[in-house]
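Colleague: Below you'll find the structure I mean.
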Amino acid sequence: MEGITGVNLELTEDQALFRDTTKRFIEGEVPLAEVRRLHASGDGFDRRWWRQAAQLGWTAMLAPEDLGGGSLSGHPLADAAIVAEEMGRVLTPGPFLPVNVVAAALAADVAHRDTLASLVAGETVATWALGEPGSRWCGHELTTTADVVDGQVVVSGVKSYVEALTAAEEVLVVARTGGRLTQVLVPTDAAGVTVIPGTSLDLGRRFGQLQLDGVRLPQSAVVGELGGADGTVERQLEIALVLQCAETVGGLDQVFEFTLGYMGDRYAFGRPISSYQALKHRVADLLLELETAKGCVDAAVASVNAGRADAAVEASVAKAYVGDRALHVIQECMQFHGGIAVTWEHDLHLYLRRATVNRAVFGTPEQHRERICSLVEI
Amino acid sequence: MTTLPQSEPLESLESFRERARRFVAANLEPADPDRPARLSMADARALQATIFDAGFAGIAVAREHGGAGLTLAHQKVWAEEVEGYVVPGPLFVSIGMLGITLLDHGSEVLKRRHVPRILRGDEVWLQLLSEPSGGSDMAAVMTRAVRDGDTWIVAGAKTWTTGAADADIGMCLARTDWEVPKHRGLSMFAVPLKDDRVTIEPIVGIEGGPARFFQEFLDDVVVPAENLVGAENEGWSVAHTLLLHERNASAGVGHGLGLGGLAEQGVDAQGVADLVGYAGRSGSVADPGARQQIAEAYVAERAAAHLAERVTVGMRVGAFEGDWGSLLKLGLAVDGLRRAEIGITVARADGVIWTDGSPDDGGAAGRAWLGARANSIAGGTNEMQRNIVSERLLGMPREPATDRDVPFSEVVRRRGP
């Protein structure tokens with residue numbers, strides 16, 4: 005239908021081709037029916053399928069070319085956002101976000117080339133552990149520590165809300181070293197590591213808690229410098245926010261589109277329900293929110309990709325806007341569907357679940373509004 | 141034997157930009173970012189004459205109609221160069237909307253006579269569309285025009301016109317045939333306003349102070365037949381063009397670029413900086429609830445800018461066409477009211493009660509709060525924008541109407557006494 009378009013209105017020819025390939029791959033390999041089946045299985049995604057996705061380039065965008073990485077357009081995050089948006093449309097499972105955030109972190113440190121190459125190939129799955137119990141996502145709120153004792157790095161603490169934790173072989177843990185941040189690559193089979201699987205509202209995605217009880221690792225496990233990760237953690241957070249928002253917006257676009265179709269097909273009192281002004285006006289408001297959300301994501305992608313000075317603000321603006329409006333858009337679309345919307349059978353609740361979880365992970369809109377106040381010195 | 145003049149190549153954008161920059165630096169005043177100045181109509185006219193005489197008015201308008209004969213891309217360059225300077229904002233409607241509509245529909249005689257005057261600010265035009273008896277139903281015009289030899293006699297009432305006290309000519313929609321459905325019996329006339337049979341009365345806005353709007357009573361005004369704009373009974377398409385130029389203007393595209401935009405015409409706009417100011421003075425800046433709301437306004441302001449950019453890009457690359465200006469206008473109206481609501485919240489009691497020297501001396505937050513609700517009504521209500529968005533952008537079916545295909549005289553009869 006006219007008026008419905010993706011986040012990026014100026015895709016290059018290569019990007020448009022990549023989007024179409026991605027779309028066909030998702031529709032062929034993991035349609036929503038498959039997602040429903042996978043939700044009952046262990047990790048919620050299939051490793052063989054993930055390796056195929058890696059071959060299509062899903063893990064490569066933020067990694068260097070000599071390790072099999074590289075960007076189509078020269079704007080790595082713009083390419084990654086295309087995948088995130090398409091995944092959002094059909095709620096594709098798979099550790100796309102955490103693997104890419106870890107890839108971005110490892111790309112800056114030659115000491116972790118082997119792990120990065122294995123991530124890019126889809127052989128290893130790694131995830132990023134930022135949050136801590138109590139919905140704490142800000143560097144200064146973290147209490148997990150990483151200190152050097154007897155030539156080894158010792159990591160202690162609890163990390164929560166970690167995506168794909170049960171599937172991951174490696175976890176990039178954000179910890180404090182004195183007043184500064186350190187990132188340590190922790191194998192999930194190391195001594196002192198306990199993985200506690202969690203249950204989330206999102207049926208297609210697994211989260212867990214990671215307990216680190218004096219985990220001792222060689223100093224080579226540190227990514228970058230000890231106490232030198234404040235800037236990279238911020239950048240990784242921005243990447244995570246952008247990909248998360250792109251995914252949410254992809255889902256919104258899909259929900260909006262099939263809802264419009266439904267409203268045209270559904271008759272009540274002798275005419276399609278799409279002809280009732282009481283509903284049309286609400287749909288107009290949703291288009292405003294949807295298109296604004298796309299604009300916010302597009303702007304955040306550009307800013308974070310270029311590492312501009314306003315990247316932190318734009319990433320939080322996108323999260324604050326998309327996080328809230330997504331739930332409003334989906335709720336309205338559910339109301340337009342009537343009774344079928346509140347059944348297990350209909351897909352709407354799957355989108356509501358994904359958007360609700362995305363709203364909270366990496367900080368709620370409320371937390372990002374407070375972050376904006378700090379960033380712009382209000 | 142005559143030869144056609146050779147068409148000279150268009151000036152490059154770079155060369156135009158340099159020329160514009162030199163002119164702007166020498167002739168325009170830098171604007172104070174904290175207190176944007178709004179010129180009086182007299183000052184605006186004087187400044188516009190200087191701009192016209194230097195060849196920077198009607199940049200994309202043909203030379204025979206007084207313009208510079210360049211393109212809208214040049215107009216955009218001009219707008220970029222005057223950014224941060226005081227511009228003749230009060231002429232925005234006359235030049236950016238009325239003059240351009242006249243170019244689209246006026247006879248060659250009207251265009252050659254009036255467009256150069258409009259572009260120079262020598263003549264100020266406005267639109268006479270809305271009537272006291274009908275707001276959103278703009279085609280339900282009751283003002284009548286009756287042919288009398290070489291003239292038309294126009295009678296009726298118009299309302300919600302901005303700046304009528306300063307205007308010379310109104311583009312007036314009047315009914316010329318009552319026995320056809322409402323859209324088909326309308327004609328557009330250029331009506332002289334400085335006429336004994338035209339009474340202009342101010343309408344004081346909700347916030348008090350000087351009138352922003354006017355209403356006009358046309359008491360058998362005699363209008364020369366050549367002042368018909370477009371064909372007889374085809375006034376609705378002229379009005380439609382006018383509204384399109386209005387929406388383009390609010391979306392920041394078209395011939396009015398560089399004249400300050402619609403925002404400058406409206407009530408005092410409030411920015412996030414104003415809210416931070418209220419919150420700082422009232423002390424609410426330390427309150428987490430107030431901070432959430434200020435950040436919400438900040439997010440909305442950035443988000444609106446991103447949407448505007450998206451629509452501009454979408455129009456350029458062909459992903460969007462048609463009435464996307466309505467979506468932008470709807471967003472600005474919704475945000476504007478919410479921002480005013482946040483202003484009155486974070487200003488606390490100082491927003492509603494003030495004395496000389498008290499924190500919000502002058503009651504800026506309170507007045508903005510009252511005035512902000514005009515945004516969702518003026519220039520087409522939010523409800524009309526929602527109709528346009530759902531029907532024209534999303535293709536949703538129209539609501540059934542009982543006045544379609546019915547002679548307008550019958551529609552009026554049905555209303556009863």
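Chains as they are written, first to last, in our numbering: chain A, 5 to 382; chain B, 141 to 557. Every residue gets a Cβ at the ideal spot worked out from N, C-alpha and C, and that includes glycine.
Count the other CB atoms, across all protein chains shown, that sit within 10 Å of the CB of B:S276; report buried if there are 16 or more and exposed otherwise.
Modeller: Exposed, since its Cβ has fewer than 16 Cβ neighbours within 10 Å.
Colleague: Comparing the C-beta of B:R442 with each C-beta of chain A, is any distance below 8 Å?
Modeller: Judged by the 8 Å Cβ criterion, B:R442 is in contact with chain A.
Colleague: If contact means a Cβ-Cβ distance below 8 Å, which residues of the stretch 116-141 of chain A contact chain B?
Modeller: Listed in sequence order: no entries.
Colleague: Give the residues of chain B in contact with A:S77, contact being defined as C-beta atoms less than 8 Å apart.
Modeller: The premise fails here: A:S77 is roughly 16 Å from chain B at the closest Cβ pair, so nothing lies under 8 Å.
Colleague: Would you call the stretch 99-109 of chain A and the stretch 155-173 of chain A touching, i.e. three or more CB-CB distances under 8 Å?
Modeller: Flag = yes, the stretch 99-109 of chain A and the stretch 155-173 of chain A touch.
Colleague: Would you mind stating whether A:T119 and A:L189 have Cβ atoms separated by less than 8 Å?
Modeller: Yes, Cβ-Cβ distance for A:T119 and A:L189 is below 8 Å.
Colleague: Within 10 angstroms of the Cβ of A:Q223, are there 16 or more other Cβ atoms? Answer buried if so, exposed if not.
Modeller: Counting Cβ neighbours within 10 Å, A:Q223 comes out exposed, since fewer than 16 surround it.
Colleague: What residue ranges within the stretch 448-501 of chain B form continuous alpha helix (DSSP H) runs of no fewer than 4 residues, ordered along the chain?
Modeller: DSSP runs (the alpha helix (DSSP H)) wholly in the stretch 448-501 of chain B: 464-486.
Colleague: What's the gap between the Cα of A:Q59 and the Cα of B:A197?
Modeller: Near 58 Å, if we compare the C-alpha coordinates of B:A197 and A:Q59.
Colleague: Have a look at the DSSP bridge pairing and note the partners of A:L221.
Modeller: DSSP lists A:V157 as partners of A:L221.
Colleague: Is A:S164 helix, strand or coil by DSSP?
Modeller: It is a strand residue.
Colleague: Under 8 Å, with one C-beta from each stretch per pair, do the stretch 75-85 of chain A and the stretch 7-24 of chain A reach the 3-pair mark?
Modeller: Yes: at least three Cβ pairs fall under 8 Å.
Colleague: DSSP three-state label for B:Q410, please.
Modeller: B:Q410: coil per DSSP, three-state reduction.
Colleague: Consult DSSP for B:L144 and reduce its assignment to one of helix, strand or coil.
Modeller: Caution is warranted here: a pLDDT of 48 is assigned to B:L144, below 50, making its placement in the model unreliable, and the coordinate value is therefore given only provisionally. Coil at B:L144, not helix or strand.
Colleague: Using the three-state DSSP reduction, which class does B:K334 fall into: helix, strand or coil?
Modeller: Note: B:K334 maps to coil in three-state DSSP.
Colleague: CB A:V333 to CB A:V287, shorter than 8 Å?
Modeller: It is not a contact, given that the beta carbons lie outside the stated cut-off.
Colleague: With a CB to CB cut of under 6 Å and the five nearest residues on each side skipped, what residues in its chain are close to B:H205?
Modeller: Correct list, in chain order: K251 and V255.
Colleague: In angstroms with no decimal places, state the Cα-to-Cα distance between B:P428 and A:I376.
Modeller: Each residue's Cα considered, the two are about 13 Å apart.
Colleague: Scan the stretch 144-160 of chain A for residues whose Cβ lies nearer than 8 Å to a Cβ of chain B and list them as they occur along the chain.
Modeller: Taking 8 Å as the Cβ-Cβ cut-off against chain B, none of the residues of the stretch 144-160 of chain A qualify.
Colleague: Is A:T368 close to chain B, meaning its C-beta is less than 8 Å from at least one C-beta of that chain?
Modeller: Cβ-Cβ to chain B under 8 Å: no for A:T368.
Colleague: Taking its Cβ as the centre, do 16 or more other Cβ atoms sit within 10 Å of B:Y438, making it buried, or is it exposed?
Modeller: Buried, by the Cβ-count rule.
Colleague: State the start and end residues of the unbroken beta strand (DSSP E) segment that holds A:L189.
Modeller: Per DSSP, A:L189 belongs to the beta strand (DSSP E) from R184 to P191.
Colleague: Go ahead and pull the three-state DSSP assignment for B:Q405.
Modeller: Reliability fails at B:Q405, whose pLDDT of 43 lies under 50, so the model's placement of it is uncertain and no value is given.
Colleague: What does the alpha-carbon distance come out to for the pair A:K323 and A:R312?
Modeller: The straight-line gap from Cα to Cα measures roughly 17 Å.
Colleague: Identify the continuous alpha helix (DSSP H) that holds A:T181 and give its terminal residues.
Modeller: Element bounds for A:T181: not the alpha helix (DSSP H) but the beta strand (DSSP E), E174 to T181.
Colleague: Taking 8 Å as the CB-CB limit, is B:I434 close to chain A?
Modeller: Yes, its Cβ sits closer than 8 Å to a Cβ of chain A.
Colleague: Apply the 10 Å Cβ neighbour rule to B:A413 and answer buried if 16 or more other Cβ atoms are within range, or exposed otherwise.
Modeller: Under this definition B:A413 is an exposed residue.
Colleague: Comparing alpha-carbon positions, which option in A:R140, A:T131, A:E145 and A:L185 lies nearest A:D151?
Modeller: Cα-wise, what sits closest to A:D151 is A:L185.
Colleague: Closest to B:P547 by C-alpha separation, out of B:A189, B:F192, B:D317 and B:E169, would be which residue?
Modeller: When each option's Cα is compared against that of B:P547, the closest is B:D317.
Colleague: Is B:A459 close to chain A, meaning its C-beta is less than 8 Å from at least one C-beta of that chain?
Modeller: Closer than 8 Å to some Cβ of chain A, the Cβ of B:A459 qualifies, so yes.
Colleague: Between B:A202 and B:K298, what straight-line distance do the alpha-carbon atoms span, to the nearest angstrom?
Modeller: Computed Cα separation, rounded: 32 Å.
Colleague: Comparing alpha-carbon positions, which option in B:V344, B:C312, B:I346 and B:V331 lies nearest B:A379?
Modeller: Comparing Cα positions, the closest option is B:C312.
Colleague: Between B:E523 and A:H285, what straight-line distance do the alpha-carbon atoms span, to the nearest angstrom?
Modeller: Using only the alpha carbons, I get a separation of about 7 Å.
Colleague: Where does A:Y280 fall in DSSP's three states?
Modeller: In this structure, A:Y280 counts as coil in the three-state DSSP scheme.
Colleague: B:K298 bridges to which residues according to DSSP?
Modeller: Looking at the DSSP assignment, B:K298 forms a beta bridge with B:E356.
Colleague: Using 8 Å as the limit for Cβ to Cβ distance, is A:V253 near chain B?
Modeller: Taking Cβ atoms only, chain B never reaches closer than 8 Å to A:V253, which makes this a no.
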